[in-house]
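K.L.:
In the numbering used here, the protein residues as written are 8 to 98.
Beta carbons: idealized from backbone N, C-alpha and C, even for Gly.
Submitted below is the structure of interest, expressed as structure tokens.
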């Protein structure tokens with residue numbers, strides 16, 4: 008396994024990325040999102056943290072993409088009728 012550079016937020020992020028069970032995705036998504044936002048708020052703004060800040064932004068974009076894909080999948084399966092249902096399921 009690859010050693011993570013920022014394990015505090017990368018571990019829950021990776022778990023969300025590889026989750027294939029729809030019923031567990033929302034939970035893993037929330038844990039990853041919370042870990043990322045927590046790190047963003049506590050991280051000092053200095054040049055030494057620039058790489059991590061960019062990594063955090065990339066991770067949030069990837070999670071957003073996963074959330075949209077999950078919504079499309081649920082719509083295709085007829086599990087979600089309105090966009091508001093995904094928001095309540097992933098927040």
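(1) Should residue 19 be labelled buried (16 or more other beta-carbon atoms within 10 Å of its own) or exposed?
(2) Roughly how many angstroms separate the alpha carbons of residue 59 and residue 13, rounded to a whole number?
(3) For the putative contact between residue 46 and residue 63, defined by C-beta atoms under 8 Å, what is the C-beta separation to the nearest angstrom?
(4) Indicate the three-state DSSP secondary structure (helix, strand or coil) for residue 78 in the structure shown.
(5) Among residues of its own chain, excluding the 5 on either side of residue 50, which ones have a beta-carbon nearer than 6 Å to its beta-carbon?
(6) Are there 16 or more other CB atoms within 10 angstroms of the CB of residue 17, so buried, or fewer, so exposed?
(7) If you reduce the DSSP assignment to three classes, tell me which class residue 47 lands in.
(8) Alpha carbon to alpha carbon, how far is residue 27 from residue 80? Give it in angstroms, no decimals.
(9) Can you tell me whether residue 25 is buried or exposed? The criterion is at least 16 other CB atoms within 10 Å of its CB, across all chains shown.
P.N.:
In terms of the structure at hand:
(1) As a position in the chain shown, residue 19 is number 12, starting the count at 1. Result: buried.
(2) Against the chain shown, residue 59 aligns to sequence position 52. Against the chain shown, residue 13 aligns to sequence position 6. Distance between the alpha carbons of residue 59 and residue 13: 8 Å.
(3) Along the chain shown, one-based indexing puts residue 46 at 39. Along the chain shown, one-based indexing puts residue 63 at 56. Right, their Cβ atoms sit about 6 Å apart.
(4) Against the chain shown, residue 78 aligns to sequence position 71. Residue 78: helix per DSSP, three-state reduction.
(5) The residue labelled residue 50 in the question sits at position 43 within the chain shown. Hits under 6 Å: 56.
(6) One-based indexing of the chain shown puts residue 17 at position 10. Result: buried.
(7) Taking the first residue of the chain shown as position 1, residue 47 is located at position 40. Helix, per DSSP.
(8) For this step, residue 80 is matched to residue 73 along the chain shown. For this step, residue 27 is matched to residue 20 along the chain shown. Distance between the alpha carbons of residue 80 and residue 27: 12 Å.
(9) Reading the chain shown from its first residue, position 18 is the one you call residue 25. It is exposed - the Cβ of residue 25 has fewer than 16 other Cβ atoms within 10 Å.
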